[in-house]
Amino acid sequence: MSEFTIAQAARFQGQQVTLRGWLYNLRESGKLLFPQFRDGTGIMQAVVSKADVSSEVWERATTLTQESSVIAHGTVRADKRAPGGYELVLNDLTVVQRVPTDQPYPISPKEHGVDFLMSQRHLWMRSAKQSALLRLRHEVIAAIRDFFDSNGFILTDAPILTPAACEGTTTLFELDYFDLGPAYLTQSGQLYIEATAAALGKVYCFGPTFRAEKSKTRRHLTEFWMVEPELSFATLDDLMKLGEDLVTHIVARVLERRRPELETLERDTSKLENVRPPFHRLSYDDALKLLHQKGSQLPWGEDLSGADETFISQQFDKPVIVHRYPAKAKAFYMEPDPERPELALCMDMLAPDGYGEIIGGSQRIDSYDLLLKRLRENNLPEDAFQWYLDLRRYGSVPHGGFGLGVERTVAWIAGISHIRETIPFPRMIYRIYP
RNA sequence: UCCCCGGUAGCUCAAUGGUAGAGCAUUCGGCUGUUAACCGAAGGGUUGCAAGUUCGAGUCUUGCCCGGGGAGCCA
0 MSEFTIAQAA RFQGQQVTLR GWLYNLRESG KLLFPQFRDG TGIMQAVVSK ADVSSEVWER
60 ATTLTQESSV IAHGTVRADK RAPGGYELVL NDLTVVQRVP TDQPYPISPK EHGVDFLMSQ
120 RHLWMRSAKQ SALLRLRHEV IAAIRDFFDS NGFILTDAPI LTPAACEGTT TLFELDYFDL
180 GPAYLTQSGQ LYIEATAAAL GKVYCFGPTF RAEKSKTRRH LTEFWMVEPE LSFATLDDLM
240 KLGEDLVTHI VARVLERRRP ELETLERDTS KLENVRPPFH RLSYDDALKL LHQKGSQLPW
300 GEDLSGADET FISQQFDKPV IVHRYPAKAK AFYMEPDPER PELALCMDML APDGYGEIIG
360 GSQRIDSYDL LLKRLRENNL PEDAFQWYLD LRRYGSVPHG GFGLGVERTV AWIAGISHIR
420 ETIPFPRMIY RIYP
């Protein structure tokens with residue numbers, strides 16, 4: 000017989016089981032106790048009747064404190080009065096560690112403020128909603144890996160310590176690298192996996208990414224996780240199709256395996272059921288028309304603001320892809336549109352409901368001469384990019400890829416307002432503890 | 001970096017310039033089907049820090065510290 004977990008309680012109906020976990024909350028009613036236990040997979044109510052257990056067990060149960068660790072023995076019984084439909088009729092209880100009453104667990108079952116909860120992040124993650132979010136994050140990551148692994152992609156992780164800016168735009172975390180001068184924490188693995196893609200065809204990297212910008216919004220972390228696929232012999236259309244398939248796969252997997260978590264998070268799953276191909280594809284020009292109809296004054300050539308993206312995403316009931324932005328608003332390595340060179344062959348995928356960009360990607364410049372020109376235009380150090388230029392010297396091909404932000408994706412699927420809750424230990428401008 | 005909001009009990013919040021209070025948590029008592037259980041009682045305070053105005057400051061003024069929301073930037 001497999002080991003008992005709360006998530007699988009229904010399978011153990013009528014059986015004697017051992018629950019290893021922690022006390023989540025305790026309700027008392029005279030000679031009846033209703034301790035609620037959690038074991039990491041969920042929360043389950045137990046029933047303790049004074050008449051049915053030894054005085055020692057009764058004493059241990061009545062003096063349990065919140066988050067004390069326990070091993071509880073009992074039989075699983077279906078009862079519609081129990082949250083979740085099943086309860087544990089307790090007949091024995093071992094206390095592994097009792098939380099002392101003079102130093103009670105700080106997070107009571109009532110409401111708390113963000114500042115306090117973030118300072119108690121190491122404990123806050125035990126709560127029902129937070130642990131559901133972390134299980135959801137796990138499922139999203141597992142879905143991403145399965146998607147790429149089963150579609151012929153090779154995992155080739157990029158370095159986290161890098162000698163120079165990947166894109167030369169955003170602010171980087173700097174550190175001393177022995178005698179070789181300054182090094183930086185990566186802001187993207189893209190340039191490196193362009194190399195591995197030329198070696199292996201279809202590749203991806205998946206790791207943490209660092210941005211030292213003093214961003215202070217619900218959509219930003221200074222340390223976040225990004226998965227970046229890169230494909231040789233790929234066009235912008237291929238990339239849009241891949242992004243659409245990836246996001247569809249992630250959402251379907253979560254719906255298939257994490258219904259209880261979505262329920263805990265009170266997510267309206269009907270909106271997620273809509274996430275099937277095709278996603279609407281909107282050119283930058285058409286996006287601008289849409290914004291101008293709503294009174295926006297945004298001139299052609301400017302990048303869309305967060306508010307603009309929110310407005311556009313609200314026009315659709317599933318993610319929307321905006322493609323072919325003005326080249327001057329985008330990164331130096333993006334391939335120009337051969338029909339309109341002032342446009343870049345790039346695309347962003349915007350999640351619904353204002354969650355912002357979850358994907359940003361492009362076809363890369365494959366011409367040596369054009370790439371060199373762009374490096375010079377952007378005042379980037381040619382020496383540092385020689386290896387990158389080599390990729391255009393030796394068998395250059397049309398290629399491209401994109402990055403998908405894990406935390407924004409989880410926040411959108413979970414329907415929560417701030418991405419800081421989608422990672423175990425968020426790193427933000429004014430917070431690095433715990 | 002800029003704009004806005006906030007800081008009072010362990011937590012969430014009250015308190016016309018006039019004796020700092022409630023709910024939860026904790027402790028004790030009651031209750032055999034509780035649903036963030038409920039009922040009764042007790043303990044718990046350098047009102048973020050510093051200075052100023054005033055007979056009197058949690059409240060008004062100034063400075064500083066620490067958070068939160070947003071802008072820019074991006075995933």
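Taken in order, the first sequence gives residues 0 to 433; the numbers are from numbering that gives the first Met the number 0.
Idealized CB from N, CA, C, for every residue including glycine.
Beta strand (DSSP E) runs contained entirely in the region 194-277, provided each spans 3 or more residues: 201-209 and 222-231
Residues near residue 173 by beta carbon distance below 6 angstroms, same chain, minus five either side: Position 174 of the first sequence, counting from 1, holds the residue named residue 173. Excluding residues within five positions, the ones whose Cβ falls inside 6 angstroms are 181 and 183.
I need the boundaries of the alpha helix (DSSP H) containing residue 389, first residue and last residue. Position 390 of the first sequence holds residue 389. First-last of the alpha helix (DSSP H) with residue 389: 385-392.
Please go through the same chain and pick out, in chain order, the residues whose beta-carbon is closer than 7 angstroms to the beta-carbon of residue 390, but skip the five residues on each side of it. In the first sequence, the residue the question calls residue 390 occupies position 391. Result list for residue 390: 193, 194 and 197, in chain order.
Assuming residue 148 is part of the beta strand (DSSP E), what are its boundary residues? In the first sequence, residue 148 corresponds to position 149, counting from 1. Segment 127-148 is the alpha helix (DSSP H) holding residue 148; no beta strand (DSSP E) there.
Quick test of the definition: if touching needs 3 or more C-beta pairs under 8 angstroms, does the region 375-383 touch the region 335-342? no
I need the straight-line Cα distance from residue 185 to residue 267, nearest angstrom please. Mapped onto the first sequence, residue 185 falls at position 186. Mapped onto the first sequence, residue 267 falls at position 268. In a straight line, the C-alpha of residue 185 is about 36 angstroms away from that of residue 267.
Identity of the residue in 75, 88, 23 and 92 nearest residue 46 by Cα: Within the first sequence, the letter at position 47 stands for residue 46. Checking every option, the nearest Cα to that of residue 46 belongs to 88.
Can you list, in chain order, the residues of its chain whose CB lies under 7 angstroms from that of residue 436, leaving out five sequence neighbours each side? Absent from the model: residue 436. The displayed extent of the chain is 0 to 433, so no value can be given.
Tell me which residue opens and which closes the alpha helix (DSSP H) that residue 21 is part of. In the first sequence, counting from the first residue as 1, residue 21 sits at position 22. From DSSP, residue 21 is part of no alpha helix (DSSP H) but of the beta strand (DSSP E) over 15-28.
Does the region 95-110 come close enough to the region 224-238 that 3 or more CB-CB pairs lie under 8 angstroms? no
For residue 232, count the other beta carbons within 10 Å of its own beta carbon; 16 or more makes it buried, fewer makes it exposed. Which is it? Working through the first sequence from its first residue, we reach residue 232 at position 233. Exposed, because fewer than 16 other Cβ atoms sit within 10 Å of the Cβ of residue 232.
Integer-rounded CB distance, given that residue 358 should sit under 8 angstroms from residue 242: For the purposes of this step, residue 242 is taken as the residue at position 243 of the first sequence. For the purposes of this step, residue 358 is taken as the residue at position 359 of the first sequence. Their Cβ separation, rounded to whole angstroms, is 5 angstroms, which keeps residue 242 and residue 358 in contact under 8 angstroms.
Inter-stretch contact (C-beta, 8 angstroms, three-pair minimum) for the region 271-279 and the region 300-309: no
If we count the other Cβ atoms within 10 Å of its Cβ and call it buried at 16 or more, is residue 291 buried or exposed? Along the first sequence, one-based indexing puts residue 291 at 292. Its Cβ having fewer than 16 others within 10 Å, residue 291 is exposed.
Residue 102 - containing beta strand (DSSP E), residue span: Against the first sequence, residue 102 aligns to sequence position 103. Per DSSP, residue 102 belongs to no beta strand (DSSP E) and is neither H nor E.
According to the neighbour-count rule (16 or more other Cβ atoms, all chains shown, within 10 Å of its Cβ), is residue 429 buried or exposed? By 1-based counting over the first sequence, the position of residue 429 is 430. By the 10 Å Cβ count, residue 429 comes out exposed.
Suppose you measure from the CA of residue 200 to the CA of residue 399; what does that come to, to the nearest Å? The count along the first sequence starts at 1 and reaches residue 200 at position 201. The count along the first sequence starts at 1 and reaches residue 399 at position 400. Approximately 11 angstroms, taken between the alpha carbons.
Which partner residues does residue 43 have in the DSSP bridge list? For the purposes of this step, residue 43 is taken as the residue at position 44 of the first sequence. 36.
Taking a contact to mean a Cβ-Cβ separation below 8 angstroms, would you say residue 323 touches residue 283 in this structure? Position 324 of the first sequence, counting from 1, holds the residue named residue 323. Position 284 of the first sequence, counting from 1, holds the residue named residue 283. Yes; because the gap between Cβ atoms is below 8 angstroms, this pair is in contact.
Assigned exposure category for residue 179 - 16 Cβ within 10 Å defines buried: Against the first sequence, residue 179 aligns to sequence position 180. Its Cβ having fewer than 16 others within 10 Å, residue 179 is exposed.
Terminal residues of the beta strand (DSSP E) in which residue 349 lies: Within the first sequence, numbered from 1, the residue matching residue 349 stands at position 350. Per DSSP, residue 349 belongs to the beta strand (DSSP E) from 345-350.
Compare the beta carbon distance of residue 31 and residue 59 with 8 angstroms and say whether it is the shorter of the two. Here the question's residue 31 lines up with position 32 in the first sequence. Here the question's residue 59 lines up with position 60 in the first sequence. No.
Relative to the C-alpha of residue 252, which residue among 156, 364, 221 and 138 is closest? Looking up residue 252 in the first sequence gives position 253. That would be 138, whose Cα lies nearest to the Cα of residue 252.
Sub-8 angstroms separation of residue 208 and residue 427 beta-carbons: In the first sequence, the residue the question calls residue 208 occupies position 209. In the first sequence, the residue the question calls residue 427 occupies position 428. The answer is no: Cβ separation not under 8 angstroms.
8 angstroms contact criterion, which residue 286 and residue 321 should meet: CB distance rounded: Here residue 286 refers to the residue found at position 287 when the first sequence is read from its first residue. Here residue 321 refers to the residue found at position 322 when the first sequence is read from its first residue. Confirmed, about 5 angstroms.
With a 10 Å radius around its C-beta and 16 neighbouring C-beta atoms as the bar for buried, classify residue 121 as buried or exposed. The residue labelled residue 121 in the question sits at position 122 within the first sequence. Under this definition residue 121 is an exposed residue.
For residue 355 and residue 210, believed in contact at Cβ under 8 angstroms, the rounded distance: Reading the first sequence from its first residue, position 211 is the one you call residue 210. Reading the first sequence from its first residue, position 356 is the one you call residue 355. Going by Cβ atoms, the distance from residue 210 to residue 355 rounds to 14 angstroms, so no, they are not a contact pair.
Let me make sure I understand the geometry here. Which of 260, 370 and 403 has the alpha-carbon closest to that of residue 318? Here residue 318 refers to the residue found at position 319 of the first sequence. Residue 318 has its Cα closest to that of 403, out of 260, 370 and 403.
Take the Cβ of residue 20 as the centre, count every other Cβ of all protein chains shown within 10 Å, and call the residue buried at 16 or more, exposed below. Walking along the first sequence from the start, residue 20 turns up at place 21. So residue 20 ends up on the buried side.
Please return the same chain residues whose Cβ sits closer than 8 angstroms to the Cβ of residue 316, not counting the five positions on each side in sequence. In the first sequence, residue 316 corresponds to position 317, counting from 1. Closer than 8 angstroms at the Cβ level, and outside the excluded window around residue 316, lie 270, 273 and 351.
On the DSSP bridge list, what partners appear for residue 336? As a first step, residue 336 must be located in the first sequence, where it is residue number 337. Answer is 339, bridged to residue 336.
Sequence-distant residues of the same chain with beta carbon closer than 8 angstroms to residue 12, five excluded per side: Along the first sequence, one-based indexing puts residue 12 at 13. 75, 76, 77 and 85.
Are the CB atoms of residue 264 and residue 151 nearer to each other than 8 angstroms? As a position in the first sequence, residue 264 is number 265, starting the count at 1. As a position in the first sequence, residue 151 is number 152, starting the count at 1. The answer is no: Cβ separation not under 8 angstroms.
If you measure between the beta carbons of residue 16 and residue 73, is that distance less than 8 angstroms? Numbered from 1 along the first sequence, position 17 holds the residue referred to as residue 16. Numbered from 1 along the first sequence, position 74 holds the residue referred to as residue 73. In contact: residue 16 and residue 73 (Cβ atoms closer than 8 angstroms).
Residues in the same chain with beta-carbon distance under 8 angstroms from residue 42, minus the five sequence neighbours each way, listed in chain order, please. As a first step, residue 42 is located in the first sequence; it is residue number 43 there, counting from the start. These residues qualify, in order along the chain: 5, 23, 35, 36, 82, 83 and 127.
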